[in-house]
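Data first, discussion second: the structure below is written as structure tokens.
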Amino acid sequence: MSGLLFVISAPSGGGKSTIASAVRQRVEGLGYSISHTTRKPRGHESDGVDYHFVDEKTFTKMIDQGAFVEWAKVYDNLYGTSASGLKDLTASGLDIVLDVDIQGGRNIKDHFPNSVLIFLIPPSLEVLELRLRERGTDDETVIRARMETAADDIRNCGWYDYIIINDRLEKAIREAQSIIISERCRTERQLPGVKGLFDIP
Ligand code: ADP
Ligand code: 5GP
Numbered sequence: 538m539s540g541l542l543f544v545i546s547a548p549s550g551g552g553k554s555t556i557a558s559a560v561r562q563r564v565e566g567l568g569y570s571i572s573h574t575t576r577k578p579r580g581h582e583s584d585g586v587d588y589h590f591v592d593e594k595t596f597t598k599m600i601d602q603g604a605f606v607e608w609a610k611v612y613d614n615l616y617g618t619s620a621s622g623l624k625d626l627t628a629s630g631l632d633i634v635l636d637v638d639i640q641g642g643r644n645i646k647d648h649f650p651n652s653v654l655i656f657l658i659p660p661s662l663e664v665l666e667l668r669l670r671e672r673g674t675d676d677e678t679v680i681r682a683r684m685e686t687a688a689d690d691i692r693n694c695g696w697y698d699y700i701i702i703n704d705r706l707e708k709a710i711r712e713a714q715s716i717i718i719s720e721r722c723r724t725e726r727q728l729p730g731v732k733g734l735f736d737i738p
């Protein structure tokens, strides 16, 4: 993998889509990996933009063909990151932002140890629930299921590289931007280019 992989995880409603989309608009050279899912599109979501929406048969076939770098069952639906999608993005010289759940984060870290994992935490479970309700995309059963998983996810996020508390949105977006920019400046990532520029063996 030539580009950097940035994984953003959070409990549902934690702000992944909002923050990933803002960061992509503000930071150059970032591509977004569009996952496959068996979940039905919500509200304004469209196929090939938010997700590749597929049926279970297609998803299972893709698993059998080894098409996914990682996949997981999350809240009764299947979600996966396709290897070809990642390859196309890195081939165009982009660093990649992935929005995956905590199981996906673990699999990505195992596959790509240099990936950078960021976990978003809501200021409280009450605020998280309010945001989920105000988003208006999920019914009561779905919200209950997501709130049940939220506390567990937060308890288990200790191995992520970075934690951002998503209280004020603008602050959280800036923190995500700062992480991406700082990671790009790490010596081990800059040194090959510097050596080329200054003819250092
Ligand atoms: P996720 O992609 O993690 O499920 P979203 O990005 O859809 O979460 O965010 C859930 C809802 O919370 C959205 O309606 C979004 O506009 C809102 N939201 C996200 N971050 C904040 C924030 N810091 N302050 C207020 N509302 C927020
Ligand atoms: P949602 O249905 O709210 O869009 O996403 C539900 C959960 O699935 C979120 O935690 C999101 O990060 C996760 N998710 C989305 N795409 C993928 C993926 O490709 N792989 C994994 N493991 N999780 C994903």
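With the numbering used here applied, the sequence shown covers 538 to 738.
For glycine and all other residues, C-beta sits at the position ideal for the given N, C-alpha and C.
Asked                                                                                                                                               : Found
Count the CB pairs spanning the segment 692 to 707 and the segment 564 to 574 that are closer than 8 Å, and state whether there are at least three. : no
Between Gly580 and the ligand ADP, is the CB less than 7 Å from at least one heavy atom?                                                            : no
Per DSSP, Lys624 forms a beta bridge with which residues?                                                                                           : According to DSSP, which records beta bridges pairwise, Lys624 is partnered with nothing at all.
With a 10 Å radius around its C-beta and 16 neighbouring C-beta atoms as the bar for buried, classify Asp548 as buried or exposed.                  : Here residue 548 turns out to be Pro, not Asp, going by the sequence shown. It counts as buried.
Alpha carbon to alpha carbon, how far is Glu666 from Gly551? Give it in angstroms, no decimals.                                                     : 9 Å
Report yes if the CB atom of Ala609 is closer than 8 Å to the CB atom of Leu657, and no otherwise.                                                  : no
Cβ of Arg668 within 7 Å of any heavy atom in the ligand ADP?                                                                                        : yes
Which residue marks the beginning of the alpha helix (DSSP H) containing Ile702, and which one marks its end?                                       : Run containing Ile702: none in the alpha helix (DSSP H); it sits in the beta strand (DSSP E), 699 to 702.
Following a CB-centred definition, is Ser583 positioned closer than 7 Å to any heavy atom of the ligand ADP?                                        : no
Give me the DSSP bridge partner(s) of Ile608.                                                                                                       : A small fix is needed here, since residue 608 is Trp in this sequence, not Ile. DSSP output for Trp608 lists Gly617 as bridge partner(s).
For Gly641, which residues in the same chain have their Cβ closer than 6 Å to its Cβ, ignoring the five residues on either side in sequence?        : Glu607, Ala609
If we ignore side chains and look at the alpha-carbon of each, how far apart do Ala687 and Leu662 end up?                                           : 8 Å
Could you spell out the range, first to last residue, of the alpha helix (DSSP H) harbouring Gly730?                                                : 724 to 734
Taking 6 Å as the limit between beta carbons, can you name the residues of its chain near Asp704, skipping five residues before and five after?     : Pro660
Applying the 10 Å Cβ sphere with the 16-neighbour rule, what's the burial state of Arg579?                                                          : exposed
Just to check my reading of the structure: Ile717 and Val564 have Cβ atoms closer than 8 Å, yes? What is that Cβ distance to the nearest angstrom?  : 6 Å
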